[in-house]
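Trainee: One structure, pasted below without further comment.
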């Protein structure tokens with residue numbers, strides 16, 4: 001095997017160094033992170049949609065027989081599942097393990113702390129909310145009703161504010177932990193669409209959703225309000241719009257979570273009753 005000419009090797013190294021400089025000085029430079037992360041989130045949604053479509057075509061027998069809008073929703077839920085896994089893992093890290101928002105770090109107020117990684121993660125979420133909200137509105141009401149429009153609008157505006165101001169990122173990540181329930185909700189839709197509504201997997205999924213919802217969308221929000229209460233002297237120092245978002249967005253989402261929880265309980269009771277009759 002012949003070695004590459006020295007000039008070719010030097011050219012490759014030169015392009016590699018230029019690419020590194022481009023990434024370091026522009027794409028991942030602090031002033032550009034909000035924009036590159038949002039764009040990255042949008043592009044990631046496109047990749048996730050196409051991958052879901054490709055994999056489902058090859059490995060899911062029922063997928064080719066779905067209607068066009070069902071296939072669109074199937075792929076859309078692939079996007080939301082991947083986003084949920086990414087952002088909830090990052091949120092758990094920042095809220096419970098990282099030192100960035102820890103009360104032990106007394107250098108500055110928790111409501112004004114941020115880092116390149118925290119900005120990047122939230123920016124990716126903004127990109128996701130833009131894509132998903134756009135699809136919901138474009139195909140309205142096939143992918144979700146007004147409650148989804150309200151949920152995504154509030155979430156997108158709230159997270160975008162934290163990305164561009166650096167304020168209240170801790171509370172944005174606390175709220176985003178609730179995305180832990182999204183994969184289970186999507187799996188329930190997949191099982192239903194695949195004709196597995198009477199399966200044991202569907203029953204188990206309902207039970208998992210119940211407990212996950214209690215933890216990530218009810219008890220968690222109670223903790224959020226408790227944390228805001230303990231740090232209200234810091235929260236009140238936010239800009240007016242940021243202050244209203246910190247108080248308003250979790251409050252509205254908490255009410256919506258309770259309303260959805262009522263539907264989840266009714267659905268679980270109905271599923272359990274049907275399984276008992278089959279026994």
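In the UniProt record's numbering, the protein residues as written are 1 to 279.
Cβ atoms here follow ideal geometry from the backbone N, Cα and C, with glycine treated the same way.
The model shown is predicted, which means the values in this text are computed figures rather than measured ones.
Taking only three categories from DSSP, how would you classify residue 168?
Mentor: Taking the first residue of the chain shown as position 1, residue 168 is located at position 168. Coil, per DSSP.
Trainee: Distance, Cα to Cα, residue 52 vs residue 104?
Mentor: Locating residue 52 in the chain shown gives position 52, counting from the first residue. Locating residue 104 in the chain shown gives position 104, counting from the first residue. Spanning the two alpha carbons is a distance of roughly 42 angstroms.
Trainee: According to DSSP, is residue 23 part of a helix, a strand, or is it coil?
Mentor: In the chain shown, residue 23 corresponds to position 23, counting from 1. For residue 23, the predicted model reports a pLDDT of 49, less than 50, meaning its position is unreliable and no value from the coordinates is stated.
Trainee: Please confirm whether residue 113 and residue 101 have their CB atoms less than 7 angstroms apart.
Mentor: Here residue 113 corresponds to residue number 113 of the chain shown, with the count starting at 1. Here residue 101 corresponds to residue number 101 of the chain shown, with the count starting at 1. Yes, Cβ-Cβ distance for residue 113 and residue 101 is below 7 angstroms.
Trainee: Work out the CA separation of residue 155 and residue 176 for me, nearest whole Å.
Mentor: Reading the chain shown from its first residue, position 176 is the one you call residue 176. Reading the chain shown from its first residue, position 155 is the one you call residue 155. Distance between the alpha carbons of residue 176 and residue 155: 9 angstroms.
Trainee: What residue from 162, 263 and 85 has the CA that sits closest to residue 34's CA?
Mentor: For the purposes of this step, residue 34 is taken as residue 34 along the chain shown, with counting starting at 1. The shortest C-alpha separation from residue 34 is found at 162.
Trainee: Alpha carbon to alpha carbon, what distance is there between residue 232 and residue 197?
Mentor: In the chain shown, the residue the question calls residue 197 occupies position 197. In the chain shown, the residue the question calls residue 232 occupies position 232. Spanning the two alpha carbons is a distance of roughly 46 angstroms.
Trainee: Determine whether the beta carbon atoms of residue 82 and residue 107 lie at a separation below 7 angstroms.
Mentor: Taking the first residue of the chain shown as 1, we reach residue 82 at position 82. Taking the first residue of the chain shown as 1, we reach residue 107 at position 107. Taking 7 angstroms as the Cβ cut-off, residue 82 and residue 107 do not qualify as a contacting pair.
Trainee: Need the endpoints of the alpha helix (DSSP H) that residue 68 sits in, please.
Mentor: The residue given as residue 68 occupies position 68 in the chain shown. First-last of the alpha helix (DSSP H) with residue 68: 68-92.
Trainee: Please report the straight-line C-alpha distance between residue 23 and residue 164, rounded to a whole angstrom.
Mentor: Sequence index remark: in the chain shown, residue 23 carries index 23 (1-based). Sequence index remark: in the chain shown, residue 164 carries index 164 (1-based). Here the model assigns residue 23 a pLDDT of 49, short of 50, so the residue's position is not dependable, and the following value carries that caveat. So the two alpha carbons sit approximately 20 angstroms from each other.
Trainee: Identify, in the order they occur along the chain, each residue of the same chain with its Cβ nearer than 7 angstroms to the Cβ of residue 88, setting aside the five sequence neighbours on each side.
Mentor: To locate residue 88, count along the chain shown from 1; it is residue 88. So the qualifying residues of the chain are 176, 177, 179 and 180.
Trainee: Any contact of the region 187-207 with the region 236-245, i.e. 3+ C-beta pairs under 8 angstroms?
Mentor: Judged by Cβ distances under 8 angstroms, the region 187-207 makes no contact with the region 236-245, as fewer than three pairs qualify.
Trainee: Going by CA-CA distance only, name the one from 72, 60 and 270 that's closest to residue 144.
Mentor: By one-based count along the chain shown, residue 144 stands at place 144. The option with the nearest alpha carbon to residue 144 is 72.
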